[in-house]
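Each residue of the sequence shown is one higher than the one before, starting from -19 at the first, in the numbering used here.
A virtual CB, placed ideally from N, CA and C, is assigned to each residue, including glycine.
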Amino acid sequence: MRVSLKVSGMSCVNCAKAIEISLKKLKGVEEVHVSFELGRVVVSFNEDLLDVERIKGVIESLGYKVERVEGGPKDMQILIFCWLSSIAIMALMFWHSPYSPYFQLALAFLVQALGGYGFYKGAWSSIKARVGNMDLLVALGSTSALLYSLLAFLGLIPGEPFFETSAFLITFVKTGKFLEELAKDRALKSLRDLFGLQTVRVRVLKDGKEELKSLQEVFVGDVIVLRTGDMVPVDCKVLEGSLEVDESLITGESMPVKRSQGDRLISGSLVISGFAKAKVEKTFSGSYVNLLVKLVEETLSKRPKIQRLADKVSHYFVQFVVALSLIIFALWYIKTGSLSMAVNFSLAVLVVSCPCAFGIAVPLAIVVGVLRSQKKGLLIKDPSVFEKDVHVLVMDKTGTLTEGKPKLVNYVLYREDALALTCNMVKVSNHPYSLALREFCGDKRLEGIDLNTCKEEVGVGVICGEYVLRRGEEGQVALYENGSKLAEFFFEDVIRKGAKEVVEFLRSKGIEVIMLTGDRQDKARRIAKELGIREFFAEVKPEEKLSKIRELKERGLKVGMVGDGINDAPAMAEADLSFAVGSGTDVAKRVGHVILLRGIEGIRDFFEIKERTMRRIWQNLFWAFFYNAVGIPIAGGLLYNKGIYLRPEIAGLMMAFSSLSVVLNSIRK
-19 MRVSLKVSGM SCVNCAKAIE ISLKKLKGVE EVHVSFELGR VVVSFNEDLL
31 DVERIKGVIE SLGYKVERVE GGPKDMQILI FCWLSSIAIM ALMFWHSPYS
81 PYFQLALAFL VQALGGYGFY KGAWSSIKAR VGNMDLLVAL GSTSALLYSL
131 LAFLGLIPGE PFFETSAFLI TFVKTGKFLE ELAKDRALKS LRDLFGLQTV
181 RVRVLKDGKE ELKSLQEVFV GDVIVLRTGD MVPVDCKVLE GSLEVDESLI
231 TGESMPVKRS QGDRLISGSL VISGFAKAKV EKTFSGSYVN LLVKLVEETL
281 SKRPKIQRLA DKVSHYFVQF VVALSLIIFA LWYIKTGSLS MAVNFSLAVL
331 VVSCPCAFGI AVPLAIVVGV LRSQKKGLLI KDPSVFEKDV HVLVMDKTGT
381 LTEGKPKLVN YVLYREDALA LTCNMVKVSN HPYSLALREF CGDKRLEGID
431 LNTCKEEVGV GVICGEYVLR RGEEGQVALY ENGSKLAEFF FEDVIRKGAK
481 EVVEFLRSKG IEVIMLTGDR QDKARRIAKE LGIREFFAEV KPEEKLSKIR
531 ELKERGLKVG MVGDGINDAP AMAEADLSFA VGSGTDVAKR VGHVILLRGI
581 EGIRDFFEIK ERTMRRIWQN LFWAFFYNAV GIPIAGGLLY NKGIYLRPEI
631 AGLMMAFSSL SVVLNSIRK
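Written out as structure tokens, the structure reads:
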């Protein structure tokens, strides 16, 4: 069984790691994926050995809540209280009264209890899971500062108390995390909307009256009511009324589309205007939006190679910082004999260090890349695609580079009424050539022959008495009357709009396009020349595509492939990077790293998003390394003799805004 849980209270990626480690210890757990960015925990487990309540219990025992919790008024009130209390402590330092330290102590304890509660909870969870995290560093730093100040105030150790340090440390870090969450919420809004659809209430018609029901109470055959502002909850068909819907969340298409009686509605679409009654065709579990949610969950639960490396650094970083903080304390105390100075430098090292910057550098950039891809009509099924480079991109001709259906490109009439006769005869046939002719003829009412006399014969064409519309050589159809030719029609599989521009774009990026087709050499050469493709394989049978991909890989090339994701599945699975051209509700069935919902034009968007995502990842990692490489030595007092040093609360502020800078860099356009 597989269950997806919404978990609140995670403050950094190591919190997610703690949950993952704890759940993997449970007997019966097969697989665990935790997304800190989305607040999601996905667990696959054996129902005979484990149940959902046990899984929830383990997560809650670590101090997290298994529910949907958004930062709200209470969080803001606590943050405002922390700021007011910290400023008050600072002001009280200038009030020379014997009562001043008592007020400072009381306010510092309140800030620690209310503002620091979340940090202590996260720290305790990390200790139980034996995984250090940011909460542990903040809790250690603020507690040490408060404890030192208390002991100094009581006269048990030499030095002056600095209650403002513990208070401002909590306040600054909490402010940074608050701003970080605001930025992430804004960036992930579309994805949260997608997940939030699972909690909507649906208006169901029963005996002519509307009843509000949960999605789990809506079944196939039910009639639902949709109005302006509604999100279409399940896949359904319009029975009456008309709507204008925005399908951008699903297809990436930005323009609203009209849907009326008989049209299908895709779950996840937003009703812009109108009113309609619709018949449910699939329950929520089988609807497109739920398949999409599962696809996104699975995508974001996978870790690219570069993310696994960053996670490893983040995992060991906290232990390193705690050990370094103790060493700094010992060195300064031995050198100066000043307990106050040793504590200040030690605390500064403890709180300036930022494991979160390493932890979120990769996953947040990946999440943003996946969401931006979705808005462009691209479904990313494996986030490792952002790391993949290709030298060549193999593209199937039919249906990929071309429309995949014949189009009338020329015709010759040997008798004036031949076109009218042909347009009538094709009405009884659904052959691709007949469909192309019907499209050309349009809805015009044409005088001609009695269709009741017509029939279609396999291998011949359409026969209407003495008239025969015969399919000849590939791409040619002729009309005959008693053996005399009356007209000829010529068809071609036309090049898909935007295909040439995609080929040119790929070449500008140093990626060569190779075309695969089952067509004859001459036809393949013509298409390749028109598209500017230098290399192609013609007369390739479907079962030979896999060997062609292997042949290219044996040349030492990194190979990408574009196909339909169903017929080309073996070859696409062999490719280093694969794109499946798909649309509608069948996308989940298609093999491929990337699903192109809007055709091959999406390839250009993908490579642009890929390039931007990897650039942001390397920028984030560089900043995380540079910040810690510079900040930790300064916090440890390396430049103290030059008059440059950090107070612990300022170090905490730097740490908070270091994480925020990574978030802002990841989400910027």
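Which partner residues does E436 have in the DSSP bridge list?
V442
*Can you name the residues that DSSP bridges to K36?*
According to DSSP, which records beta bridges pairwise, K36 is partnered with nothing at all.
Note to self: Can you list, in chain order, the residues of its chain with a C-beta nearer than 7 Å to that of A631? Leave out the 5 residues immediately preceding and following it.
What the structure shows: A328, V331, V332, A615
Fill in: Proximity to K715 [Cα-Cα], best of E0, M(-10), M495, G201
The structure shown does not extend to residue 715, since the chain spans only -19 to 649, so no value can be given for it.
**Prompt:** So, using beta-carbon positions, are L29 and G8 closer together than 8 Å?
**Reply:** yes
Should G195 be labelled buried (16 or more other beta-carbon atoms within 10 Å of its own) or exposed?
A quick correction: the sequence has Leu, not Gly, at residue 195. So L195 counts as buried.
I507 and L381 - do their beta-carbons sit closer together than 8 Å? yes
**Asked** Looking at the unbroken alpha helix (DSSP H) that takes in G540, where does it start and where does it end?
**Response** Run containing G540: none in the alpha helix (DSSP H); it sits in the beta strand (DSSP E), 539 to 543.
Review point. Which value, in whole angstroms, describes the spacing of the CA atoms of G266 and Y447?
Key: A straight line joining the alpha-carbon of G266 with that of Y447 spans about 49 Å.
### Integer-rounded CB distance, given that L388 should sit under 8 Å from L417
Sure, about 6 Å apart at Cβ, within 8 Å.
field: Environment of I624 [buried if 16+ CB atoms lie within 10 Å]
entry: Under this definition I624 is an exposed residue.
What number of angstroms, rounded off, separates the C-alpha of F61 from the C-alpha of V91?
8 Å
**Study point:** Residue burial classification, K377 (beta-carbon count within 10 angstroms, cutoff 16)
**Key:** Under this definition K377 is a buried residue.
Chain-order list of residues whose beta-carbon lies under 6 Å from that of A322 (same chain, five-residue window excluded): F309, W312, Y313
### Task
Indicate the three-state DSSP secondary structure (helix, strand or coil) for A568 in the structure shown.
A caution first: A568 carries a pLDDT of 48, below 50, which makes its placement in the model too unreliable to give a value.
For L619, count neighbouring Cβ atoms within 10 angstroms of its own Cβ and tell me buried if that reaches 16, exposed if not. exposed
- Query: When the Cα atoms are used, what is the spatial distance from G452 to K435?
  - Reply: 18 Å
Review point. Apart from the five residues just before and just after K480, which ones in its own chain have a Cβ nearer than 8 Å to its Cβ?
Key: E510, L511, G512
contact_flag[the segment 516 to 530, the segment 406 to 420] where n(CB pairs < 8 Å) is 3 or more
no
Can you find at least 3 beta carbon pairs, one from the segment 250 to 269 and one from the segment 288 to 295, that sit closer than 8 Å?
With a cut-off of 8 Å, the segment 288 to 295 and the segment 250 to 269 do not count as touching, because too few Cβ pairs lie within range.
Worksheet item: Does the Cβ of G52 have 16 or more other Cβ atoms within 10 Å, making it buried, or fewer, making it exposed?
Response: Here G52 scores only 46 on pLDDT, less than 50, and its place in the model should not be relied on; the value that follows carries that caveat. It is exposed - the Cβ of G52 has fewer than 16 other Cβ atoms within 10 Å.
Please classify H76 as buried or exposed, where buried requires at least 16 neighbouring CB atoms within 10 angstroms.
H76 is exposed by the Cβ-count criterion.
Worksheet entry | Alpha-carbon to alpha-carbon, E10 and S305 | 39 Å
Using the three-state DSSP reduction, which class does Q241 fall into: helix, strand or coil? coil
Requested in this report: Compare the C-alpha of L283 against each of P236, D362, D243, V298 and name the closest.
Outcome: The sequence shown places Arg at residue 283, rather than the Leu named in the question. Taking only the C-alpha atoms, the option nearest R283 is D362.
Open item on the list: Taking the alpha-carbon of I583 as reference, which of Q354, D115, A609, S228 has the nearest alpha-carbon?
Closed with: Q354
V49, DSSP secondary structure in three states: Its pLDDT being 38, under 50, V49 is placed unreliably in this model, and the value from its coordinates should be taken loosely. Coil at V49, not helix or strand.
According to DSSP, simplified to helix, strand and coil, what is C(-5)? helix
Open item on the list: Measuring straight from C-alpha to C-alpha, what distance separates I137 and N324?
Closed with: Just so you know, the alpha carbons of I137 and N324 end up roughly 14 Å apart.
C-alpha gap between G(-11) and S2, whole angstroms: 16 Å
Discussion item. To the nearest angstrom, how far is the alpha carbon of T433 from that of Q456?
Written reply: 24 Å
- Message: Taking its Cβ as the centre, do 16 or more other Cβ atoms sit within 10 Å of E144, making it buried, or is it exposed?
- Response: That one is buried.
Subject >> G96 and I58 closer than 8 Å at C-beta >> reply: no
So, does the segment 588 to 602 touch the segment 110 to 130, judging by three or more C-beta pairs under 8 Å? no
With DSSP as the reference, label D28 as helix, strand or coil.
coil
Of the residues F469, I443, V482, which one's Cα is nearest the Cα of G463? I443
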